[in-house]
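**Student:** Quick mapping for you: the protein sequence lines, in order, are chains A and B. Under the working numbering, residues 830 to 1175 are what the first sequence spells out, in order. Under the working numbering, residues 830 to 1175 are what the second sequence spells out, in order. First the structure, then my questions, so here it is.
There are 2 protein chains.
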Amino acid sequence: MSDYYSQENHGPFELIDIGDLNLEEGGQIPNCKLAVSIFGTLNAAKDNAILIPTWYSGTNKIMEQVYLGEGRALDPAKYFIIIVNQIGNGLSTSPSNAEGELSGAGFPYVRIGDDVRAQYKLLTEHFGLESLALVVGGSMGAQQTYEWAVRYPEFVKRAAPIAGTAKNSEHDFIFAETLAEAIMTDPNFNAGNYASAESVADGLKRHAKLWTVMGWSTDFFAANRHKALDFESMRAFVDEFMTGYFAPMDPNNLLRMLWKWQRADVSRHTAGDLAAALGRVQARTYVMPISHDMFFPPSDALEDQKQVTNSEFRPLHSIDGHLGLFGTDPAMLEQLDSYLGELLRS
Amino acid sequence: MSDYYSQENHGPFELIDIGDLNLEEGGQIPNCKLAVSIFGTLNAAKDNAILIPTWYSGTNKIMEQVYLGEGRALDPAKYFIIIVNQIGNGLSTSPSNAEGELSGAGFPYVRIGDDVRAQYKLLTEHFGLESLALVVGGSMGAQQTYEWAVRYPEFVKRAAPIAGTAKNSEHDFIFAETLAEAIMTDPNFNAGNYASAESVADGLKRHAKLWTVMGWSTDFFAANRHKALDFESMRAFVDEFMTGYFAPMDPNNLLRMLWKWQRADVSRHTAGDLAAALGRVQARTYVMPISHDMFFPPSDALEDQKQVTNSEFRPLHSIDGHLGLFGTDPAMLEQLDSYLGELLRS
């Protein structure tokens, strides 16, 4: 296991064994461990629990740093907040930390539904929860949020999918494929049996470059937002910030998350009928795309929102695009907090 | 020279030798040949000539098929229309058809300014023109259009840059870099000394996939426009249409055009002062971005337009995005014809 995925970098988190997890694609993760970070206290009525799943490449740490805080919507003084790292992200059971046959390229293909079933087991059996006041997540966290609201409609009282959709689009599938190919075409990738993550640095850099192009927005760079973030040029932004961000990550971890992202689809519950799947949602739902998101655009999010009964469309404005999720735009975070606060009070 | 770049596929075009072309980056193309396609007749006043430069990967043929026609704005019955293939596109002097030292990977780096000086020589010395009623082009054709209007302000009476900007953005530079890397990382690319273009098929396919993601728009696929174009799935659209389009092209040709595209910048004339460069334009100019263009967005085009004195901002609406240039959206072509007709009458 690489040092990157350490308690020092991402902790404190607790590893909780939820037992064997049977996977939708077949096979099993024996003794699946979820890395969990907890804030606040569960009240006597057990009705103040909030679940936050993680996005592609993210861990509990960025969710804590960017979204939680005293006096903010997600306030540990009021809520019992559980951040659960997705399977494959390097903290929960993942290619980089699994042993034996499941290690590295031998790691099985995991779906969003597997994560959500694992999280349900965790919340009900380990924490004894009977409901969630809110599920909120961005990007792949939004995909898990929709999956929660469709799969366990009575359990989820409120839902806030940010910058993500209920069914991944064909366009997004191909974008994610270009990300995967950037890594897999590195000659040192060797079908996932690489000597070290460092040896795949070139592929990881190309992957970071694609994220630079699609992750922010044309307006972000036109407005010199990357310079405002203290990078003197686009090149420095690519080489230092974006490449630096992804470089220490494990390629197989990223690829298993990509595979999962591409196939997110709540209509798997209803034989492909998306309206029927979203019709199951009982949660009060705020659908929150980011205005300049290039691959989960507001137009796609609006189509989802129209099909959720008790929902509102609350787009967030930011030229930072999808990666505004990183918390780079304080005004967007304020807008988000305002909407989440309103949703939690409703 | 590959069969793809043949008279059969792209003709009729004439190869006109404009003599030796000294290049801005140093070096020379001896006996530079421009592939030219001509329609209509020059009138006695010599004031009805229209120049159409080509875009990345395009040739005179698509410009003729999509943009010219009887009763349309660019009507050969009224205008003397000259379509000039850009250097490096496979018809004009290019890596794929140059001989000796300039062949293949030995081909020099050519800038937009080199193309425009070559075209100026062609128009003045070969055709005896003293002015152009209009320069109109899309994408890299727009880059050449701006270069024409800044470099030869008295020569160009009207200008219509479509889906392109006067100075390539940093964002676009990185996007183009991902396209180049998709080709160059193919193990068979061999630093440009590949056995055949066919041997670089994998790299060309990845390049086509990136074009699929950024060239159209998320809305295009969400609205199933690819299915309306007779492709049953996104996969078929990528594999058959996009990959099929780029597969027969020569990798070195594409890479030299990419290099040129990345560095387009009229402010090279004014020590980096874009406002000063655009302030030189005398042409009546219609700036026409495409609404859903993901890398030459309307917001960037608007900044250009504001700095051209005698100009108007005329965005074209199409969810087809940048590749609406291919003529896939008849409504956009109608809008374009209407604007171009108005510009030509002014």
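Ideal Cβ positions, reconstructed from N, Cα and C, are used throughout, including at glycine. This one's a predicted model, so the numbers in the text were calculated from it and none came from an experiment.
1) Determine the direct distance from the alpha carbon of Phe-1050/A to that of Ala-874/A, and round the result to whole angstroms.
2) In chain order, what residues of the region 1058-1091 of chain A put their CB closer than 7 Å to some CB of chain B?
3) For Thr-888/A, which of helix, strand or coil comes out of DSSP?
4) Less than 8 Å between the C-beta atoms of Thr-1014/B and Thr-1072/A, yes or no?
5) Once the 5 residues before and after Tyr-833/A are set aside, which same chain residues still bring their CB inside 6 Å of it?
6) What does the Cβ neighbour count give for Asp-849/B, buried or exposed, with the cut at 16 atoms within 10 Å?
7) Please confirm whether Lys-1038/A has its beta-carbon closer than 8 Å to some beta-carbon of chain B.
8) When you compare the CB positions of Leu-1154/A and Ser-968/A, do they come within less than 8 Å of one another, or not?
9) Going by DSSP, what residue range makes up the alpha helix (DSSP H) through Val-979/B?
10) Over what stretch of residues does the alpha helix (DSSP H) that includes Glu-954/B continue unbroken?
11) Measure the alpha-carbon distance for Asn-914/A versus Phe-1066/B and round it to whole angstroms.
12) Alpha carbon to alpha carbon, what distance is there between Asp-1133/B and Ser-1140/B?
13) Give the DSSP bridge partners of Ile-912/A, in chain order.
14) Compare the C-beta of His-1151/A against all C-beta atoms of chain B and say whether one is closer than 8 Å.
15) For the 8 Å Cβ check, are there 3 or more pairs between the region 1159-1166 of chain B and the region 1081-1090 of chain B?
16) Could you check the C-alpha separation between Ser-835/B and Asp-1079/B for me, to the nearest Å?
17) Between the Cα of Pro-1126/A and those of Phe-1142/A, Gln-1111/A and Thr-1138/A, spot the shortest distance and give me the residue it belongs to.
18) Give me whichever residues DSSP pairs with Asp-1094/B in a beta bridge.
19) So, is the C-beta of Glu-1010/A closer than 8 Å to a C-beta in chain B?
20) Considering just the uninterrupted stretch of the beta strand (DSSP E) at Pro-990/B, what are its terminal residues?
21) For Phe-1050/A, go through chain B and note every residue whose CB falls closer than 8 Å to its CB, in chain order.
22) Apart from the five residues on each side of it in sequence, which residues of its chain come closer than 8 Å, Cβ to Cβ, to Leu-871/B?
23) Entirely within the region 1099-1141 of chain B and at least 3 residues each: give me those beta strand (DSSP E) ranges in chain order.
24) Thinking C-alpha only, which one of Glu-853/B, Gly-1150/B and Ala-1130/B is nearest Lys-996/B?
25) Could you list which residues in chain A have their beta carbon closer than 8 Å to that of Glu-1006/B, in chain order?
26) Take the Cβ of Glu-1171/B as the centre, count every other Cβ of all protein chains shown within 10 Å, and call the residue buried at 16 or more, exposed below.
27) What residues in the region 1112-1124 of chain B have a beta carbon less than 8 Å from any beta carbon of chain A?
28) Closest by CA to Pro-841/A, which one among Ile-911/A, Arg-946/A, Trp-884/A and Ala-978/A?
29) Less than 8 Å between the beta carbons of Gly-1044/A and Gly-1150/A, yes or no?
30) Output the boundary residues of the beta strand (DSSP E) element that contains Leu-844/B.
31) Against Thr-1138/B, what residues of chain A qualify as contacts under a CB-to-CB distance less than 8 Å, listed in chain order?
32) Are the C-beta atoms of Ile-991/A and some chain B residue less than 8 Å apart?
33) Ile-881/A and Gly-966/A - do their beta-carbons sit closer together than 8 Å?
34) Using CA coordinates, which residue listed in Tyr-896/B, Arg-940/B and Ala-906/B is at the minimum distance from Glu-853/B?
35) Determine the DSSP secondary structure at Val-939/B, reduced to helix, strand or coil.
36) Counting contacts by CB-CB distance shorter than 8 Å, is Ile-891/A in contact with chain B?
**Tutor:** Taking the coordinates as given:
1) One C-alpha to the other measures close to 48 Å.
2) So the list reads Met-1063 and Val-1067, given in the order they occur along the chain.
3) If DSSP states are grouped into helix, strand and coil, Thr-888/A belongs with coil.
4) In this structure, Thr-1014/B keeps its C-beta atom at 8 Å or more from the C-beta atom of Thr-1072/A.
5) Within its own chain, the residues whose Cβ lies closer than 6 Å to the Cβ of Tyr-833/A, once the five positions on either side in sequence are excluded, are Pro-1077, listed in chain order.
6) Result: exposed.
7) Yes, contact with chain B.
8) Cβ distance < 8 Å, so Leu-1154/A and Ser-968/A count as in contact.
9) Where Val-979/B is concerned, the enclosing alpha helix (DSSP H) stretches over 969-980.
10) Taken as a continuous stretch (DSSP letters only), Glu-954/B belongs to no alpha helix (DSSP H), as it is neither H nor E.
11) Each residue's Cα considered, the two are about 35 Å apart.
12) Cα to Cα, the separation comes out at about 10 Å.
13) DSSP, once it has assigned bridges, lists Ser-866/A and Ile-881/A as partnering Ile-912/A.
14) Output row for His-1151/A: interface = no.
15) Flag = no, the region 1159-1166 of chain B and the region 1081-1090 of chain B do not touch.
16) The straight-line gap from Cα to Cα measures roughly 13 Å.
17) The alpha carbon of Pro-1126/A has as its nearest neighbour, out of Phe-1142/A, Gln-1111/A and Thr-1138/A, the alpha carbon of Phe-1142/A.
18) DSSP lists Lys-996/B as partners of Asp-1094/B.
19) True, the Cβ-Cβ gap to chain B drops below 8 Å.
20) Membership of Pro-990/B in the beta strand (DSSP E) is indicated by the continuous run 987-991.
21) Within chain B, the residues whose beta carbon sits less than 8 Å from that of Phe-1050/A are Ser-998, Glu-999 and His-1000, listed in sequence order.
22) For Leu-871/B, where only same-chain residues beyond five positions count, the Cβ hits under 8 Å are Asn-877, Ala-878, Phe-909, Phe-956 and Leu-958.
23) With a minimum length of 3 residues, the continuous beta strand (DSSP E) runs that stay inside the region 1099-1141 of chain B are 1113-1116.
24) Checked all of Glu-853/B, Gly-1150/B and Ala-1130/B; the closest Cα to Lys-996/B is Ala-1130/B.
25) Per Cβ cutoff of 8 Å: Lys-1038.
26) Burial state of Glu-1171/B is exposed, judged by a 10 Å Cβ sphere holding fewer than 16 other Cβ atoms.
27) Cβ contacts with chain A: Met-1123 and Phe-1124.
28) The shortest CA-to-CA distance from Pro-841/A to any of Ile-911/A, Arg-946/A, Trp-884/A and Ala-978/A is the one to Ile-911/A.
29) For Gly-1044/A and Gly-1150/A, yes; Cβs fall inside 8 Å.
30) That run of the beta strand (DSSP E) goes 843-846.
31) Going along chain A, no residue has its Cβ under 8 Å from Thr-1138/B, so there is no contact; the nearest lies around 22 Å.
32) Answer no: the Cβ-Cβ gap between Ile-991/A and chain B never drops below 8 Å.
33) It is a contact, given that the beta carbons lie within the stated cut-off.
34) The residue with the shortest Cα to Cα distance from Glu-853/B is Arg-940/B.
35) In this structure, Val-939/B counts as coil in the three-state DSSP scheme.
36) Nearest CB-CB separation between Ile-891/A and chain B: not below the 8 Å threshold.
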